[in-house]
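The sequence shown runs 34 to 493 under this note's numbering. Positions of the beta carbon are idealized from the N, C-alpha and C atoms, including for glycine. Note that the structure is predicted; figures quoted are calculated from it, not measured.
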Amino acid sequence: MNYIDDRELHEECGVVGFFAVEHAATHAFLALQALQHRGQQGCGIAALNDQGVISLHKGIGLVKDVFKQEEIADLPGSSCIGHVRYPTTDVGGVENLQPFLFTRRNPSFAVAHNGNIVNAAQVKELLEKRGHLFHSTSDSELFGHLLGAGAHGHTWEENIRNAANQLDGAYATVILTKDTLYACRDKYGFRPLSIGRLGDGYVVASETCALDTVGATFIRDIEPGELVAIDANGVHSTSMARRCAHRMCAMEYVYFARPDSVIEGCSVHAFRKQSGCLLQEEHPADADLVTCVPESSMSAAIGYAEAAHLPLEMGLIKNMYVARTFIQPTQSMRDIGVRMKLSPVRSIVKGKRVVVIDDSIVRGTTSKILVQMLRDAGATAVHMRIASPPYAWPCYYGIDTGTKEQLLASGRSIDEIRAFIGADSLEYLSVDALYKASGRTQLCTACFSGEYPTARYQDE
Numbered sequence: 034m035n036y037i038d039d040r041e042l043h044e045e046c047g048v049v050g051f052f053a054v055e056h057a058a059t060h061a062f063l064a065l066q067a068l069q070h071r072g073q074q075g076c077g078i079a080a081l082n083d084q085g086v087i088s089l090h091k092g093i094g095l096v097k098d099v100f101k102q103e104e105i106a107d108l109p110g111s112s113c114i115g116h117v118r119y120p121t122t123d124v125g126g127v128e129n130l131q132p133f134l135f136t137r138r139n140p141s142f143a144v145a146h147n148g149n150i151v152n153a154a155q156v157k158e159l160l161e162k163r164g165h166l167f168h169s170t171s172d173s174e175l176f177g178h179l180l181g182a183g184a185h186g187h188t189w190e191e192n193i194r195n196a197a198n199q200l201d202g203a204y205a206t207v208i209l210t211k212d213t214l215y216a217c218r219d220k221y222g223f224r225p226l227s228i229g230r231l232g233d234g235y236v237v238a239s240e241t242c243a244l245d246t247v248g249a250t251f252i253r254d255i256e257p258g259e260l261v262a263i264d265a266n267g268v269h270s271t272s273m274a275r276r277c278a279h280r281m282c283a284m285e286y287v288y289f290a291r292p293d294s295v296i297e298g299c300s301v302h303a304f305r306k307q308s309g310c311l312l313q314e315e316h317p318a319d320a321d322l323v324t325c326v327p328e329s330s331m332s333a334a335i336g337y338a339e340a341a342h343l344p345l346e347m348g349l350i351k352n353m354y355v356a357r358t359f360i361q362p363t364q365s366m367r368d369i370g371v372r373m374k375l376s377p378v379r380s381i382v383k384g385k386r387v388v389v390i391d392d393s394i395v396r397g398t399t400s401k402i403l404v405q406m407l408r409d410a411g412a413t414a415v416h417m418r419i420a421s422p423p424y425a426w427p428c429y430y431g432i433d434t435g436t437k438e439q440l441l442a443s444g445r446s447i448d449e450i451r452a453f454i455g456a457d458s459l460e461y462l463s464v465d466a467l468y469k470a471s472g473r474t475q476l477c478t479a480c481f482s483g484e485y486p487t488a489r490y491q492d493e
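So this is what it looks like as structure tokens:
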């Protein structure tokens, strides 16, 4: 377990698209900042100017650092797409940042996407045999090559549908051409994508919080397997696939999305708060107060504390000014890194029996350190309550969880996990409660159950 940042799951990215919106790149800059939680490794914007030329700027770093006033000024026009990235496999360099701009074929176009294509290696091998050259390891470049391969004699809708039907896995994709903004989701609906109205134009974004940030009015979610085309004549919709399903990633609700977002009609904050209530009903604890591991567990902690009639206290403080730290050479240095990012409030926890709410336990080493920190601060008991089921299976659809061997819950009982992290008690939310909190009958819960909606091409 080599990761100092092991508590944090990372999703690949977030996307935005604007059509017929004045100063589109400026709006994209603001929208991408609203989606910064979905990716901090790099970002980019591709903008279409009045002459039909697409310009691109992207770089490694946060949105506010990559885009200054001069970079935004170099992206004129009323239509654009944007992207924030966190890699699920290799970090890569600028070549892996999105959007991708394809100019070798006429007309040029730009592509950005969120998710992970599980048969990417097989499709890429076929394209390379046909002479295609790849410059990155990103699935988005693969999507662009498929579009370019069918560019002659077909409409864009036909090209996108043909490309999509060759791919399996998760994608929420935006495509910018000389006169149209396209947006589509995979047939399972793993990743969210919404449409909003802004003035006389339109906005597409991974989360509704980005629509709110730029002042757009939410219209609807793009459906699984749906292709939406936005042009001068408005919004047009067509289906790309048969037998679609609403298998939204459960971790979007549990962890990834901002609490002020609404995903397929379900408020993320309301879901998490209800999860906390149900967690308390399933697993009460004999305690004096409730606290949470900031920030994503706060809503669940509110629900748990209300259901338990216990005070919700700020028992742990997160240092927002510590830069993300990755692999460190020794365990002691990894432990110090955790202590720099999270600190117990001694005056609150000393002499108290504490319930700690967290959204998930992935590799477990950070949970172990937190429990010890609370004991060192004087807590007389530490009861861990997790607002999701045990995370025991790797994700193939765009979440960085490593291998099954790196997941603490894989092959271990709850009591073995409790002993590893050193808590007095440990309990998880049930899968049934997860569905009840969301009000849904379909979700992707593969990371909890090992039941994957698609084939696992890596294993075949």
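Residues near Gly512 in its chain [Cβ-Cβ closer than 7 Å; skip 5 each side]: As shown, the chain starts at 34 and ends at 493. That puts residue 512 outside it, with no answer to give.
If contacts are defined as beta-carbon pairs under 8 Å, then His416 and Ala338 qualify, I think. What distance do you get, rounded to the angstrom? Residue mapping note: residue 416 aligns to position 383 of the sequence shown, counting from 1. Residue mapping note: residue 338 aligns to position 305 of the sequence shown, counting from 1. Rounded, the Cβ-Cβ distance is 13 Å, inconsistent with contact.
Measuring straight from C-alpha to C-alpha, what distance separates Tyr424 and Ser446? If you number the sequence shown from 1, residue 424 lands on position 391. If you number the sequence shown from 1, residue 446 lands on position 413. Going by the C-alpha atoms only, they are around 12 Å apart.
Can Gly309 and Ala333 be called in contact, C-beta distance under 7 Å? Translated into the one-based positions of the sequence shown, residue 309 becomes position 276. Translated into the one-based positions of the sequence shown, residue 333 becomes position 300. Taking 7 Å as the Cβ cut-off, Gly309 and Ala333 qualify as a contacting pair.
Run the CB neighbour count on Asp391, radius 10 Å, all protein chains shown included, and call it buried at 16 or more, exposed below. Against the sequence shown, residue 391 aligns to sequence position 358. Buried, because 16 or more other Cβ atoms sit within 10 Å of the Cβ of Asp391.
Restricting to Cα atoms, I'd like to know which of Met347, His116, Gln84 and Asp321 is closest to Ala58. If you number the sequence shown from 1, residue 58 lands on position 25. Checking every option, the nearest Cα to that of Ala58 belongs to His116.
Taking only three categories from DSSP, how would you classify Met273? Residue numbering aside, residue 273 sits at position 240 when the sequence shown is read from its first letter. Coil.
Might you give, ordered along the chain, the residues of its own chain that have their beta carbon closer than 8 Å to the beta carbon of Arg280, omitting 5 neighbours on each side? Taking the first residue of the sequence shown as position 1, residue 280 is located at position 247. Tyr221, Gly222, Phe223, Pro257, Gln475, Leu476, Cys477 and Pro486, listed in sequence order.
Excluding the five sequence neighbours on either side, which residues of its own chain have a C-beta within less than 6 Å of the C-beta of Arg386, listed in chain order? Taking the first residue of the sequence shown as 1, we reach residue 386 at position 353. These residues qualify, in order along the chain: Ala320, Asp321, Thr413 and Ala414.
State the start and end residues of the unbroken beta strand (DSSP E) segment that holds Phe133. What you label residue 133 is simply residue 100 of the sequence shown in a count that begins at 1. Where Phe133 is concerned, the enclosing beta strand (DSSP E) stretches over Phe133 to Phe135.
Starting from Cys480, trace the alpha helix (DSSP H) both ways and give me its first and last residue. By 1-based counting over the sequence shown, the position of residue 480 is 447. Start and end: Ala479 to Ser482.
Inter-stretch contact at 8 Å, needing at least 3 Cβ pairs: the region 141-158 / the region 202-222: yes
According to DSSP, residues forming a beta bridge with Tyr468: In the sequence shown, counting from the first residue as 1, residue 468 sits at position 435. DSSP lists no partner for Tyr468.
Bounding residues of the beta strand (DSSP E) (the contiguous stretch that carries Ile105): In the sequence shown, the residue the question calls residue 105 occupies position 72. Ile105 -> not in any beta strand (DSSP E); alpha helix (DSSP H) instead, spanning Gln102 to Ala106.
Backbone CA spacing between Ser88 and Cys113 [nearest angstrom]: Locating residue 88 in the sequence shown gives position 55, where the first residue counts as 1. Locating residue 113 in the sequence shown gives position 80, where the first residue counts as 1. Whole-angstrom Cα-Cα distance: 9 Å.
Beta-carbon separation of Leu403 and Leu312 under 7 Å? Working through the sequence shown from its first residue, we reach residue 403 at position 370. Working through the sequence shown from its first residue, we reach residue 312 at position 279. Not a contact, by the Cβ cut-off of 7 Å.
Cβ neighbours of Gly483 in the same chain (closer than 6 Å, five flanking residues each side left out): Residue numbering aside, residue 483 sits at position 450 when the sequence shown is read from its first letter. Excluding residues within five positions, the ones whose Cβ falls inside 6 Å are Trp426.
Helix, strand or coil at Glu31 according to DSSP, with G and I counted as helix: Here the chain covers residues 34 to 493 and nothing more, so residue 31 does not appear.
Which same chain residues end up closer than 7 Å to Phe251 when comparing Cβ atoms and leaving out the 5 residues on each side of it in sequence? Along the sequence shown, one-based indexing puts residue 251 at 218. Counting only Cβ-Cβ distances below 7 Å, and skipping sequence neighbours, we find Ser227, Gly229, Thr241 and Leu244.
6 Å CB neighbourhood of Leu200 in its chain, flanking five on each side removed: Residue numbering aside, residue 200 sits at position 167 when the sequence shown is read from its first letter. Excluding residues within five positions, the ones whose Cβ falls inside 6 Å are Ile150.
Looking at the structure shown, is Gln361 part of a helix, part of a strand, or coil, going by DSSP? As a first step, residue 361 is located in the sequence shown; it is residue number 328 there, counting from the start. With a pLDDT of 46 at Gln361, under the threshold of 50, the modelled position of this residue cannot be trusted; read the value that follows with caution. Three-state result, Gln361: coil.
Would you mind working out which of Glu190, Lys157 and Glu191 sits nearest Leu175, comparing C-alpha positions? In the sequence shown, counting from the first residue as 1, residue 175 sits at position 142. Closest by alpha carbon: Lys157.
Val382 and Leu343 look like a contact to me (Cβ under 8 Å); what is the Cβ gap, rounded to whole Å? The count along the sequence shown starts at 1 and reaches residue 382 at position 349. The count along the sequence shown starts at 1 and reaches residue 343 at position 310. Not really, about 13 Å apart at Cβ, beyond 8 Å.
Residue nearest to Thr437 in terms of C-alpha spacing, selected from Phe135, Val395 and Ser380: By 1-based counting over the sequence shown, the position of residue 437 is 404. Here the sequence assigns Lys to residue 437, which means Thr is not the residue at that position. The shortest C-alpha separation from Lys437 is found at Val395.
Use the C-beta contact count for Pro225: other C-beta atoms within 10 angstroms, 16 or more gives buried, fewer gives exposed. Locating residue 225 in the sequence shown gives position 192, counting from the first residue. Pro225 should be labelled buried.
Helix, strand or coil for Lys97 per DSSP? Translated into the one-based positions of the sequence shown, residue 97 becomes position 64. The answer is helix: DSSP assigns Lys97 an H, G or I state.
Are the CB atoms of Val144 and Gly177 within a distance shorter than 7 Å? Within the sequence shown, the letter at position 144 stands for residue 177. Within the sequence shown, the letter at position 111 stands for residue 144. Cβ atoms of Gly177 and Val144: closer than 7 Å.
Hey, how far is the Cα of Gly234 from the Cα of Phe52? Start at 1 with the first residue of the sequence shown, and residue 234 comes out as number 201. Start at 1 with the first residue of the sequence shown, and residue 52 comes out as number 19. About 6 Å.
When the Cα atoms are used, what is the spatial distance from Asp448 to Arg194? Here residue 448 refers to the residue found at position 415 of the sequence shown. Here residue 194 refers to the residue found at position 161 of the sequence shown. Straight-line Cα distance between these residues: approximately 48 Å.
Compute the beta-carbon to beta-carbon distance between Ala79 and Pro140, rounded to the nearest angstrom, for a pair I have assumed lies under 8 Å. Within the sequence shown, numbered from 1, the residue matching residue 79 stands at position 46. Within the sequence shown, numbered from 1, the residue matching residue 140 stands at position 107. Contact doesn't hold; Cβ gap of about 14 Å is too wide.
Length of the line joining the Cα atoms of Leu260 and Glu161: Numbered from its first residue, the sequence shown carries residue 260 at position 227. Numbered from its first residue, the sequence shown carries residue 161 at position 128. So the alpha carbons of these two residues sit roughly 27 Å apart.
For Arg253, which beta-bridge partners are listed by DSSP? Counting from one through the sequence shown, the residue named residue 253 turns up at place 220. Its beta-bridge partners are Ile228.
Do you know whose CA, among Ser376, Leu159 and Val388, lies nearest Asp457's CA? On the sequence shown, residue 457 is found 424 positions in, with the first residue counted as 1. The option with the nearest alpha carbon to Asp457 is Val388.
Is the distance from the Cβ of Ala216 to the Cβ of Ile255 below 7 Å? The sequence position of residue 216 within the sequence shown is 183, counting from 1. The sequence position of residue 255 within the sequence shown is 222, counting from 1. Contact: yes.
So Pro109 packs on Asn129, CB below 8 Å; how close in whole Å? What you label residue 109 is simply residue 76 of the sequence shown in a count that begins at 1. What you label residue 129 is simply residue 96 of the sequence shown in a count that begins at 1. 26 Å between Cβ atoms; not a contact.
The beta strand (DSSP E) that contains Ser458, what's its start and end? By 1-based counting over the sequence shown, the position of residue 458 is 425. It spans Ser458 to Tyr461 - the beta strand (DSSP E) in which Ser458 sits, taken as one unbroken run.
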